[in-house]
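Per the UniProt record's numbering, the sequence shown starts with residue 1, numbered consecutively. Every residue, glycine too, gets a C-beta built ideally from N, C-alpha and C. Just so we're clear, the structure is a prediction, and the values are computed from it rather than from any experiment.
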Amino acid sequence: MNESPVSHDELNQAGHKYDFAAIQKKWLPVWDEMKPFATSDSTDRRPRKYVLDMFPYPSGDLHMGHAEAFGFGDIVARYWRQQGFNVLHPIGWDSFGLPAENAAIKRGVDPSGWTYENIAQQKNSFRTYAPSFDWDRELHTSDPEYYRWTQWLFLQLYKKGLAYRKDSAVNWCPFDQTVLANEQVVDGRCERCGNLVTKKKLNQWYFRITDYADRLIDDLKQLEGAWPTKVLSMQRNWVGRSTGADVDFTIEGRDGVVPVYTTRPDTLYGVTFMVVAADSELAAELVTDAPAETQSAFAEYLDRVKGESDIDRLSTDREKTGVFLERYAVNPINGERIPIWASDYVLADYGHGAIMAVPAHDQRDLDFARAFDLPVRVVVDTNQPVTGAIPVLIDGELPDDLPPTDPKVTGEALVGPGRLINSGPFNSLSKNAAIAKVTEALTSSGFGRGAKNYRLRDWLISRQRYWGTPIPIIHCDKCGEVPVPEDQLPIKLPSAEGLDLQPKGTSPLGAAEDWINVSCPNCDGPAQRDSDTMDTFVDSSWYYLRYLNATSDTVAFDPAEAERWAPVDQYVGGVEHAILHLLYSRFMTKVLYDLDYLTFTEPFTSLLNQGMVLMDGAKMSKSRGNLVEFASELSLYGADALRVTLAFASPPEDDIDWADVSPAGSAKFLARAWRVAQDVTSAPDVVWKKGDPALRRVTHRFLADAPGLVESFKFNVVIARLMELVNVTRKVIDTGAGPADAAVREAAEVTAVALNLFAPYTAEDMWEKLGYEPTVAKVLWRKADPTLLVEESVTCVVQVDGKVRDRLEVSPKIDSDELEKQARASAAVVRAIGDREIVNVVVRAPRVVSIATRK
């Protein structure tokens, strides 16, 4: 920190015994008894708003990131209450998952005990921090009362054909000994532990999220302008929809065709080889007839590929490697015979696991061709304009006097627009026209068809760990997969006592014999439960709906309640969840819509992403020695000062460096505001119109401007304007009519109501000092008096050669000619111009006149 903690003496001196600790101790029990933020009253007819913060993971106490995110969410929730809404603002814990299990293993304790101890600690910190939560709706995803309904949800997807099992090569974390979804692999490493991820073939459970790929892209139109543009782009890019064609290649000596997806069917004449994924079934099939040395080389290569992550394999700057399979395919567009290679830069689950290589126009294909000295044929000449006149071709080629563009020589693929050459009947067509014509020709000849492809893969939900929701499927040798009857839910986790939770590649639940061995619900024969647990993103994909009926033992959520409250009006959380959590929640919402449980298709109407809280420019961590502990800052400065500091530091989406902010300064501001309420001597029923007109104009300008600033998340500007109001009020108190001025009471009351957004303890105490009953959180925002918003005069800045020379008080309705005349007549301006010539005058009435001169 670059400042020393604020002392109680400083606050007492600044604010007549402003003691944040005493104020917190005073109001917490009052709020606990009042429950001012409960939303269970079914007779409440106010319009509704649903404000939700991404719920925390219980790994120790709250941290500064929590303080920021939940502070921002609380500003929004409190604001909408002031605007007359019945606001649902719940809290819960995302309490299943690997971190808790690994921490419990490390400590030799039960994951359940460790988790719930952390929840208790975080809850206590939350209470002191005072977000306006409806505590009656608290939930934990590790409670059987919650995961019963996660299992119910799984069964609904299973019945709809959206949950299934298959054998596949999956991402495997050798440290955590569990599979990972593609989204949980970051730069080839496990997002949880940071270890390198490998591939492993396993039988796993999946959700068919790819069935919703188009809707996951198309429905983003509903969110434009309400979600950050960056997040919308990340969602689109992750689904990764592209349009092109499936082209049917035949392989010599093999029956049937191999469909190859391409976004560039216009480049078919430039295909000089085919590449199949080294770990695909097609590669394994084709190599069986190859010479022994080829089979041996392929087997060695395949072993190496299995240890590579998809991220590494797709990297453009890696050396290209592969094995020629001694097989040939036939290009359907021109009948050419092309060699087939196996390589790691093609993925088995992209398209159909094989690509047509066009090295002249694809950089990775070109790098591969140059590595193995394969042919490179240019079929789109980027020297040719797409519009306008078409250059004359000589034998299908451009004249020799154009710049050289041979990619095999330059090492750079030609990826820009141009016109086709070396492409038979399609020569001279532009790229887009050629794509359409070639696709049409493929379709009519039966060698292909238009197609779409996606980067998105089905959601792998199986985890080989203990601390998660058990999958409600029973495996019977006679009946196969049998869903657990819904009236037998929840399938509770067995006690961890006696189980070896150490990661070993199979679920610890498999060793819980009394739990795993059951009777088949269909035939009553011997059967076994599924021993895997679900990915915790399943738990969080629907939790926003469980808050609506958090204690119900008859439904996951009531569709009628969803109709009343959902979708979420304002969602607040970190951008690190821009793909995983948001994508899965959007998918689950669409599934529930299709099942007629919901009437909307997007879960979160508006999204606010907060930045990170750093220290000395780096992410906080114990290992770096730059950790600022939430609990210690709370003890030193109080909840209100922390909340004000975080809201005042910057716009919410920007990072905050704790070394650059001043919680001590925030505490002094709060003491100054609190003192204003202590100094008011007029009665609550005083007539405000009789007060100081200048102060009233400042007060009502704040009342008029603050709502728009809050709704655009400019919390720091609201606080700056509030500081200005407090300062102006203080000046009036210290002069003139002083504390008895009616405008002082009005300003003090407005300050208290506004501070409720940022500093609820201070606001509540001010409200009491002003003669009112608690709670200020229920007081509606006052409307500004429009007659006080009319400016009698404005300040016009007059510049000469970029320097401010005078300030004029003028009418806000002054025209440009009159304003220029007054500016030129200013004595200070005349002195600044002297004998210099005026060469330009810019007038922006009524605020600025800028005069430029020269000798």
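Excluding sequence positions up to five away, which residues of its chain have a Cβ less than 8 angstroms from the Cβ of residue i?
{"i": "M1", "result": "In this predicted model, M1 has a pLDDT of only 40, less than 50, meaning its place in the structure is not dependable; the value taken from the coordinates is given anyway. Hits under 8 angstroms: V628, W658, A659."}
{"i": "V750", "result": "T699, F702, L703, L725, R782"}
{"i": "K813", "result": "P846"}
Just the C-alpha distance for residue i and residue j, rounded to the nearest angstrom, thanks.
{"i": "M588", "j": "N124", "result": "32 angstroms"}
{"i": "D19", "j": "A671", "result": "8 angstroms"}
{"i": "N448", "j": "F372", "result": "A quick correction: the sequence has Gly, not Asn, at residue 448. Going by the C-alpha atoms only, they are around 29 angstroms apart."}
{"i": "A357", "j": "P707", "result": "58 angstroms"}
{"i": "M64", "j": "R313", "result": "37 angstroms"}
{"i": "L28", "j": "N756", "result": "14 angstroms"}
{"i": "I355", "j": "D344", "result": "12 angstroms"}
{"i": "S712", "j": "S666", "result": "23 angstroms"}
{"i": "P375", "j": "V257", "result": "24 angstroms"}
{"i": "R189", "j": "P407", "result": "34 angstroms"}
{"i": "A299", "j": "V305", "result": "10 angstroms"}
{"i": "A360", "j": "I421", "result": "12 angstroms"}
{"i": "K478", "j": "R165", "result": "18 angstroms"}
{"i": "L155", "j": "L636", "result": "50 angstroms"}
{"i": "V843", "j": "Q799", "result": "10 angstroms"}
{"i": "R137", "j": "K199", "result": "41 angstroms"}
{"i": "D679", "j": "V779", "result": "22 angstroms"}
{"i": "F72", "j": "Y301", "result": "52 angstroms"}
{"i": "residue 865", "j": "I338", "result": "Examination of residue 865 is not possible in this model, given that the chain is present from 1 through 855 alone."}
{"i": "V830", "j": "L819", "result": "15 angstroms"}
{"i": "L202", "j": "Y547", "result": "35 angstroms"}
Give every residue of the same chain whose Cβ lies closer than 7 angstroms to the Cβ of residue i, excluding the five residues on either side of it in the sequence, and list them in chain order.
{"i": "Y261", "result": "G244, D246, G351, H352, A451, N453"}
{"i": "G416", "result": "T382"}
{"i": "S95", "result": "P58, T115, I119, H140, T141, S142"}
{"i": "A754", "result": "A706, L722"}
{"i": "W674", "result": "G15, Y18, T762, D765, M766"}
{"i": "T601", "result": "D219, T589, K590, Y593"}
Can you tell me whether DSSP reads residue i as helix, strand or coil?
{"i": "D248", "result": "strand"}
{"i": "D356", "result": "It should be pointed out that residue 356 corresponds to Met in this sequence rather than to Asp. In the structure shown, M356 sits in a strand (DSSP, three-state: E or B)."}
{"i": "D406", "result": "coil"}
{"i": "T263", "result": "coil"}
{"i": "I23", "result": "helix"}
{"i": "V676", "result": "helix"}
{"i": "V568", "result": "strand"}
{"i": "E481", "result": "strand"}
{"i": "N549", "result": "helix"}
{"i": "L502", "result": "Looking at the sequence itself, residue 502 is Gln, so the reference to Leu does not match. Here Q502 sits in coil by DSSP."}
{"i": "N237", "result": "helix"}
{"i": "S507", "result": "coil"}
{"i": "T533", "result": "strand"}
{"i": "E138", "result": "coil"}
Do we get a CB-CB distance below 9 angstroms when we pair residue i with the residues of chain C?
{"i": "I471", "result": "Of the protein chains in this structure there is only one, and it is not chain C."}
Do residue j and residue i come within 9 angstroms of each other at the CB atom, strictly closer than that value?
{"i": "W467", "j": "P56", "result": "no"}
{"i": "T39", "j": "D134", "result": "yes"}
{"i": "P36", "j": "A556", "result": "no"}
{"i": "R377", "j": "G270", "result": "yes"}
{"i": "R697", "j": "W688", "result": "no"}
{"i": "R254", "j": "E281", "result": "no"}
{"i": "S142", "j": "R81", "result": "no"}
{"i": "I473", "j": "D514", "result": "no"}
{"i": "V76", "j": "V572", "result": "yes"}
{"i": "T533", "j": "I471", "result": "yes"}
{"i": "A413", "j": "V346", "result": "no"}
{"i": "L607", "j": "D655", "result": "no"}
{"i": "F85", "j": "R48", "result": "yes"}
{"i": "V848", "j": "L582", "result": "no"}
{"i": "P332", "j": "D248", "result": "yes"}
Less than 6 angstroms between C-beta atoms, sequence neighbours within five positions excluded: which residues of the same chain meet that for residue i?
{"i": "G418", "result": "V380, D381, T382, Q384"}
{"i": "E191", "result": "Q184"}
{"i": "D640", "result": "L670, A759, Y761, T762"}
(request) Go through the stretch 47-133 residue by residue and report every complete run of the beta strand (DSSP E) that reaches 3 residues or more, in order. (result) 48-53, 86-88
(message) Which runs of the alpha helix (DSSP H) at least 4 residues long sit entirely within the stretch 146-220? Give them in chain order.
(response) 213-218
(message) List, from N- to C-terminal side, the beta strand (DSSP E) runs of 3 residues or more that fit wholly inside the stretch 416-496.
(response) Fully enclosed beta strand (DSSP E) runs of 3 or longer: 448-453, 473-476, 480-483.
(message) Which runs of the alpha helix (DSSP H) at least 4 residues long sit entirely within the stretch 657-727? Give them in chain order.
(response) Complete alpha helix (DSSP H) runs here, min 4: 663-679, 693-711.
(request) Go through the stretch 559-624 residue by residue and report every complete run of the alpha helix (DSSP H) that reaches 4 residues or more, in order. (result) Positions of the alpha helix (DSSP H) runs, each at least 4 residues long and wholly inside the stretch 559-624, are given as 559-565, 580-594 in order along the chain.
(request) Mind listing, in chain order, the continuous beta strand (DSSP E) runs of no fewer than 3 residues lying wholly within the stretch 322-373? (result) 322-330, 337-343, 354-357
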